[in-house]
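Colleague: Got a structure here, written out as structure tokens. Questions coming.
Protein chains: 2
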Amino acid sequence: MQGTQQPTSPPTTAYTPTDRTVPTRSPDRASYDKELVHAILDEGYVCHLGFVRDGAPVVLPTLYGRVGERLYVHGSTGSRPLRMTGEADPGLAVCLTVTHVDGLVLARSAFHHSINYRSVVVHGIAHQVTDPEEQRTALDTLVDHVVAGRAADSRPANKKELAATAVIRLDLDEVSAKVRTGGVNDEPEDLSLPHWAGVIPVRRAYGSPLADADLAPGTELPDYLTAL
Amino acid sequence: MQGTQQPTSPPTTAYTPTDRTVPTRSPDRASYDKELVHAILDEGYVCHLGFVRDGAPVVLPTLYGRVGERLYVHGSTGSRPLRMTGEADPGLAVCLTVTHVDGLVLARSAFHHSINYRSVVVHGIAHQVTDPEEQRTALDTLVDHVVAGRAADSRPANKKELAATAVIRLDLDEVSAKVRTGGVNDEPEDLSLPHWAGVIPVRRAYGSPLADADLAPGTELPDYLTAL
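In the order they appear, the protein sequences are chains S and P. For the first sequence, my numbering gives the first residue as 1, with consecutive numbering after it. For the second sequence, my numbering gives the first residue as 1001, with consecutive numbering after it.
Okay, structure coming up:
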């Protein structure tokens, strides 16, 4: 109604945009919707983790998993990003990016070629996980991201393994998604050109499971793998 | 023969390892072989480009292509990494990473779960491409990385488009590959556990091409797309 005060608090369904999560390129493709961000993150298991070492950027692929508004990222205690978080743990500034390619967009003009994709970029300070219970939760989450249901169907980590498993956590706070969908955007004057144009869908595909030679007798392929 | 001087120059078939291209984690998986690096790079078209902005890391997905020992990376002139290279062009310190996931390694123990992958990490200083001929070469290379043979079957960029196409170049000099292959590495005492273990192959798959609604009459799907 006219004159009625509108709610001013930000919606809890979206991340608050910041200077570095508003892209300068194609800002119309950006989204801060939590549901969309979660869906993109939950579909993947490999992220690209960026950090700064001696003033220079480093980008490494590694496994990640999500629990609510927290990400867990895997690495051995020997890996560089994790050694920087430690006892004193001031945290490590990171940028974690997850990208899914959904299609090749082949335009009539070289210039308008593109990719349909969904990506999430997370900025923040990562901290080492030291609590054994949280370590175990993190490891289970990483395993379940690779194949849903797998953590419950494997031997849990023992104390020695947990001690050798470095996991960092990164809270979802400064986050954006970017999505391109749809077809080609050729110039009107190019439409009559004889070049084929359109989209080639791209997806992740799984091959037939290759069983380990030493499976215990009678071990069957579980349903959650058949479903892949 | 004994006493004969051995050649001391590094082999031209490998990149020279540096402090930052020797991984602290699983160094046995690292390789500096140029042929392997080229093969991994040539199989992809999306990289994750890392750079430093205001002291913090930024990792963005973008398209790339290779010509010999040089990579070209795409972005509009509005994008952040490219705006940092400019007229004076001192260059931008970047880390460019390409990762292919080849398989899910499902061990009996949560701890030994892994991924079969091939990745390349390139460290260096990126510079903006300003020469129009090199810009055109770069754009063609990016398009041909997405689909081999496509650049020749599209309208070349005109002057206005080249001016709006920012491309950076990054020479392959400080480079390493990292590869994990093979099966599960379970502990001997876990082999009798009743959990299925093995590798699920992962690959990129293409769907049926979705033709643009406005194709010129008589335009057929080209052979290089049927081959996908």
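Cβ coordinates follow ideal geometry from the N, Cα and C atoms, glycine included.
(1) Using C-beta distances below 8 Å, list every residue in its chain close to S:L106, excluding the 5 sequence neighbours before and after it, in chain order.
(2) Under 7 Å between beta-carbons, which chain S residues line up against P:G1183? List them in chain order, please.
(3) Cβ of S:S176 less than 9 Å from any chain P Cβ?
(4) For a contact meaning CB atoms closer than 8 Å, what does S:G75 contact in chain P?
(5) What residue range does the alpha helix (DSSP H) around S:D223 cover?
(6) Can you find a C-beta in chain P that's less than 9 Å from the C-beta of S:D140?
(7) Chain P partners of S:Y72, CB-CB under 8 Å?
(8) Take S:T99 and list the residues in its own chain whose beta-carbon comes closer than 7 Å to its own, dropping the five residues that flank it on each side.
(9) Would you report the Cα separation of P:A1157 and P:V1167, rounded to the nearest angstrom?
(10) For P:N1116, which beta-bridge partners are listed by DSSP?
(11) Where does P:S1109 land, buried or exposed, given buried means 16+ other C-beta within 10 angstroms?
(12) Helix, strand or coil for P:R1203? Go by DSSP, reduced to three states.
(13) Contact defined as beta carbons within less than 8 Å: I believe S:A34 pairs with S:Y15. What is the distance between those atoms, to the nearest angstrom?
(14) Just to make sure I have the definition right: I need the residues of chain P whose C-beta is within less than 7 Å of the C-beta of S:R258. Which are they?
(15) Secondary structure at P:A1214, three-state DSSP: helix, strand or coil?
(16) Since S:V37 and S:V175 are thought to touch, with beta carbons under 8 Å apart, how far apart are those beta carbons, to the nearest angstrom?
(17) With distance defined between alpha-carbon atoms, name the residue in S:V94, S:P194, S:T219 and S:V122 nearest to S:S31.
(18) Measuring CA to CA, which of S:H74, S:D190, S:T24 and S:T97 is closest to S:L172?
(19) Taking CB distances under 9 Å as the criterion, tell me whether S:L225 reaches chain P.
(20) Go ahead and pull the three-state DSSP assignment for P:A1014.
(21) Show which residues of chain S have a CB atom less than 7 Å away from the CB atom of P:D961.
(22) So does the segment 66 to 75 of chain S actually touch the segment 124 to 141 of chain S, counting three or more Cβ pairs closer than 8 Å?
(23) Grouping DSSP H, G and I as helix and E and B as strand, with all else coil, what is S:E174?
(24) If you draw a straight line from the alpha carbon of P:V1059 to that of S:D140, how long is it in whole angstroms?
(25) Residues in its own chain within less than 7 Å of S:Q135 by CB, not counting five upstream and five downstream?
(26) What in chain S is Cβ-close to P:D1190, meaning under 7 Å?
(27) In the DSSP assignment, find the unbroken alpha helix (DSSP H) run with S:L142 in it and report its ends.
(28) Quick one, are the C-beta atoms of P:L1104 and P:V1202 less than 9 Å apart?
(29) Comparing C-alpha positions only, which one of P:H1048, P:A1056 and P:T1024 sits nearest to P:T1062?
(30) Using beta carbons (cut-off 9 Å, strictly below), is P:V1129 in contact with chain S?
(31) In or out: S:K160 buried (at least 16 other Cβ within 10 Å) or exposed?
(32) Kindly indicate if chain P contains any beta-carbon less than 9 Å away from that of S:E220.
(33) Pull up the DSSP beta-bridge partners for S:G198, would you.
(34) What is the rounded straight-line gap between the Cα of S:L170 and the Cα of P:S1026?
(35) If you reduce the DSSP assignment to three classes, tell me which class P:R1180 lands in.
(36) Give me, in chain order, the residues of the same chain whose beta-carbon lies closer than 8 Å to that of S:V52; leave out the 5 immediate sequence neighbours on both sides.
Modeller: The relevant details are as follows:
(1) Here residue 106 of chain S corresponds to residue number 106 of the first sequence, with the count starting at 1. So the list reads H113, V184, W196, A197, G198, V199 and I200, once near-sequence residues are dropped.
(2) Numbered from 1 along the second sequence, position 183 holds the residue referred to as residue 1183 of chain P. Residues of chain S passing the Cβ test: D212.
(3) Taking the first residue of the first sequence as position 1, residue 176 of chain S is located at position 176. Not closer than 9 Å to any Cβ of chain P, the Cβ of S:S176 fails to qualify, so no.
(4) As a first step, residue 75 of chain S must be located in the first sequence, where it is residue number 75. R1025, listed in chain order.
(5) Position 223 of the first sequence, counting from 1, holds the residue named residue 223 of chain S. Here the alpha helix (DSSP H) through S:D223 covers D223 to T226.
(6) Residue numbering aside, residue 140 of chain S sits at position 140 when the first sequence is read from its first letter. Cβ-Cβ to chain P under 9 Å: yes for S:D140.
(7) Walking along the first sequence from the start, residue 72 of chain S turns up at place 72. Result: empty, since nearest Cβ-Cβ is about 13 Å, beyond 8 Å.
(8) In the first sequence, residue 99 of chain S corresponds to position 99, counting from 1. Closer than 7 Å at Cβ, skipping near neighbours: Y117 and S119.
(9) Residue 1157 of chain P sits at position 157 when you count from the first residue of the second sequence. Residue 1167 of chain P sits at position 167 when you count from the first residue of the second sequence. Going from the Cα of P:A1157 to the Cα of P:V1167 covers about 13 Å.
(10) Working through the second sequence from its first residue, we reach residue 1116 of chain P at position 116. Partner(s): P:G1103.
(11) Residue numbering aside, residue 1109 of chain P sits at position 109 when the second sequence is read from its first letter. When all chains shown are included, P:S1109 counts as buried.
(12) Position 203 of the second sequence, counted from the start, is the residue given in the question as residue 1203 of chain P. DSSP places P:R1203 in strand when its eight states are reduced to three.
(13) Translated into the one-based positions of the first sequence, residue 34 of chain S becomes position 34. Translated into the one-based positions of the first sequence, residue 15 of chain S becomes position 15. Reading the sequence as shown, one finds Lys at residue 34 of chain S and not Ala. Yes, S:K34 and S:Y15 are in contact; Cβ-Cβ is about 6 Å, under 8 Å.
(14) Nothing in the structure corresponds to residue 258 of chain S, since chain S is present only between 1 and 228.
(15) Taking the second sequence and counting its residues from 1, one reaches residue 1214 of chain P at position 214. Looking at the sequence itself, residue 1214 of chain P is Asp, so the reference to Ala does not match. P:D1214 falls in the coil class under three-state DSSP.
(16) Taking the first sequence and counting its residues from 1, the one referred to as residue 37 of chain S is at position 37. Taking the first sequence and counting its residues from 1, the one referred to as residue 175 of chain S is at position 175. So it is a contact: roughly 6 Å between Cβ atoms.
(17) The residue given as residue 31 of chain S occupies position 31 in the first sequence. Ranking the options by Cα distance to S:S31, first place goes to S:V122.
(18) Walking along the first sequence from the start, residue 172 of chain S turns up at place 172. Checked all of S:H74, S:D190, S:T24 and S:T97; the closest Cα to S:L172 is S:T97.
(19) Within the first sequence, the letter at position 225 stands for residue 225 of chain S. Using a CB distance cut-off of 9 Å, S:L225 counts as an interface residue toward chain P.
(20) For the purposes of this step, residue 1014 of chain P is identified with residue 14 of the second sequence, where counting begins at 1. Reduced to three states, the DSSP call for P:A1014 is strand.
(21) In the structure as shown, chain P starts at 1001 and stops at 1228, and residue 961 of chain P therefore has no counterpart that could be examined.
(22) yes
(23) Position 174 of the first sequence, counted from the first residue, corresponds to residue 174 of chain S. Residue state, collapsed to three classes: strand.
(24) Locating residue 1059 of chain P in the second sequence gives position 59, counting from the first residue. Locating residue 140 of chain S in the first sequence gives position 140, counting from the first residue. So the alpha carbons of these two residues sit roughly 26 Å apart.
(25) By one-based count along the first sequence, residue 135 of chain S stands at place 135. Correct list, in chain order: V129, L162, T165 and V167.
(26) Translated into positions along the second sequence, residue 1190 of chain P becomes position 190. Within chain S, the residues near P:D1190 are R155.
(27) Mapped onto the first sequence, residue 142 of chain S falls at position 142. Counting along the chain, the alpha helix (DSSP H) containing S:L142 begins and ends at P132 to V146.
(28) Numbered from its first residue, the second sequence carries residue 1104 of chain P at position 104. Numbered from its first residue, the second sequence carries residue 1202 of chain P at position 202. Cβ distance < 9 Å, so P:L1104 and P:V1202 count as in contact.
(29) For this step, residue 1062 of chain P is matched to residue 62 along the second sequence. Checked all of P:H1048, P:A1056 and P:T1024; the closest Cα to P:T1062 is P:H1048.
(30) Mapped onto the second sequence, residue 1129 of chain P falls at position 129. Interface criterion not met: the Cβ of P:V1129 is under 9 Å from no Cβ in chain S.
(31) Taking the first residue of the first sequence as position 1, residue 160 of chain S is located at position 160. The residue in question, S:K160, is exposed, as its Cβ has fewer than 16 Cβ neighbours within 10 Å.
(32) Here residue 220 of chain S corresponds to residue number 220 of the first sequence, with the count starting at 1. It does; some Cβ of chain P falls within 9 Å.
(33) Translated into positions along the first sequence, residue 198 of chain S becomes position 198. S:G198 pairs with S:L106 and P:A1211.
(34) Translated into positions along the first sequence, residue 170 of chain S becomes position 170. Translated into positions along the second sequence, residue 1026 of chain P becomes position 26. Taking the straight line joining both Cα atoms gives about 24 Å.
(35) On the second sequence, position 180 is the one that residue 1180 of chain P refers to. Three-state DSSP puts P:R1180 in a strand.
(36) If you number the first sequence from 1, residue 52 of chain S lands on position 52. Around S:V52: V58 and A93.
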